[in-house]
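Heads up: the structure comes next, in structure tokens.
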Amino acid sequence: VGRGQFGYVYKAEHIPSGTSMAIKKIQYSSLSDDKHNYDRLIRELDVSMKTSSCPYLVGFFCSLFWEGDIWICMELMDASLDKLYKAMKEGSEKIPERILKMIAIAVVNALHHLHNDLHIIHRDVKPSNILVNRGGQIKLCDFGICGKLRNTNKLPSSFVTSMSVGCKPYMPPERINPTAIEGRETYGIRSDVWSLGITMVELATGEFPYKKTAALFGQINEVVYGPAPRLPPNEFTSDFEDFIVKCLDKDLSTRATYKELLIHPFLTRTTSNNDNNASDGTNNNNSASSSDNVSRHIDDVANFMSE
Ligand code: ADP
Ligand code: MG
Numbered sequence: 315v316g317r318g319q320f321g322y323v324y325k326a327e328h329i330p331s332g333t334s335m336a337i338k339k340i341q342y343s344s345l346s347d348d349k350h351n352y353d354r355l356i357r358e359l360d361v362s363m364k365t366s367s368c369p370y371l372v373g374f375f376c377s378l379f380w381e382g383d384i385w386i387c388m389e390l391m392d393a394s395l396d397k398l399y400k401a402m403k404e405g406s407e408k409i410p411e412r413i414l415k416m417i418a419i420a421v422v423n424a425l426h427h428l429h430n431d432l433h434i435i436h437r438d439v440k441p442s443n444i445l446v447n448r449g450g451q452i453k454l455c456d457f458g459i460c461g462k463l464r465n466t467n468k469l470p471s472s473f474v475t476s477m478s479v480g481c482k483p484y485m486p487p488e489r490i491n492p493t494a495i496e497g498r499e500t501y502g503i504r505s506d507v508w509s510l511g512i513t514m515v516e517l518a519t520g521e522f523p524y525k526k527t528a529a530l531f532g533q534i535n536e537v538v539y540g541p542a543p544r545l546p547p548n549e550f551t552s553d554f555e556d557f558i559v560k561c562l563d564k565d566l567s568t569r570a571t572y573k574e575l576l577i578h579p580f581l582t583r584t585t586s587n588n589d590n591n592a593s594d595g596t597n598n599n600n601s602a603s604s605s606d607n608v609s610r611h612i613d614d615v616a617n618f619m620s621e
């Protein structure tokens, strides 16, 4: 169903029980250079096993070591949001704000649960790590597993590695700014809040908010020295605009906390006037309405992914 930096994700079936699942195979070689990474992975897998109580996190079945790879067996979902928004963009459509609100509710709750109950920081919040299914559920995945592999504290090497494979910078300015290096843990809880803000702007507009430039590290410079991205004016509710302002605060000390985000009007207000897609008003459970265009696109993307 997909390919990532450390290997492929496959659709599989556990034959005795008839359970469909997604299996992510991580090449062992991507870990073996660093014993620290390996130990961390083992700890993180341990954490993954405790996540089943949260409806906003992708379920975890088990992990195996097989043929020199690590297999992570997890709940199979139907589409990731990067593919969904790109599919919608091809039809000149955008994800409606009503659905964006549900995505924000799911991700903020998931991150809050990870942090509050399991004491982990996600580190890799981005559209491809937010999955949806045809039942309309929205769930966060890859908490602590690949994110931690990719983002060690040794900033210069991981920074160069992640940029060299063409990753988009979802990380906050304080994670990049060289003055913050020197062995200090630059990844705090609020790093994920920034990445959530970038992700929401990308999903809303259909474009990654930092433009590609010819300059080496051009995007990275923009994150550190440029203004924080904002939603384009007059397209979204003021609640949503303010939510983005609160997430994309370059100053770590004033950036929103999960507690603040959980009570932000964008998440809590049930209907708003300029939300023209609000047809059923039942948007406070973890389920997108099946009667709108978005679910049609989820079907399209799901069919595409399973081909
Ligand atoms: P990335 O998240 O960087 O794209 P991954 O290796 O984590 O790389 O995943 C590759 C792709 O596989 C994702 O983009 C997503 O579309 C798909 N995918 C990952 N996990 C699942 C899952 N549990 N169910 C369905 N699709 C998945
Ligand atoms: Mg992923």
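Residues 315 to 621 in the working numbering are what the sequence shown spells out, letter by letter. Virtual Cβ for every residue (Gly too), placed ideally from N, Cα, C.
Per the Cβ contact rule, the segment 542-555 is not in contact with the segment 419-432 (fewer than 3 Cβ pairs under 8 Å).
Shown here, CYS561 sits in a helix according to DSSP, grouped into three states.
Residue range 411-432 is occupied by the alpha helix (DSSP H) that includes HIS429, with no beta strand (DSSP E) assigned at that position.
Residue state for VAL315 is assigned as coil, using DSSP reduced to three classes. GLY532 carries a helical assignment under DSSP once its states are collapsed to helix, strand and coil. Going by DSSP, ALA518 is part of the alpha helix (DSSP H) stretching over 503-519. Within the chosen limit of 6 Å, the ligand ADP reaches the beta carbon of ALA336 through at least one heavy atom. Restricting attention to LYS453, HIS578 and TYR484, the CA atom closest to the CA of VAL515 is found in TYR484. The criterion of a C-beta distance shorter than 7 Å is satisfied by LEU390 and SER334. Beta bridge pairing from DSSP links LYS325 with ALA336. The criterion of a C-beta distance shorter than 7 Å is not satisfied by CYS455 and LEU510. When the five nearest sequence neighbours on each side are left out, the beta carbons in the same chain lying within less than 6 Å of the beta carbon of ARG504 are those of LEU566 and ARG569, in order along the chain. DSSP places PHE375 in the uninterrupted beta strand (DSSP E) bounded by 374-380.
ALA518 and ILE444 do not touch by the CB rule: their CB atoms are close to 13 Å apart, not below 8 Å.
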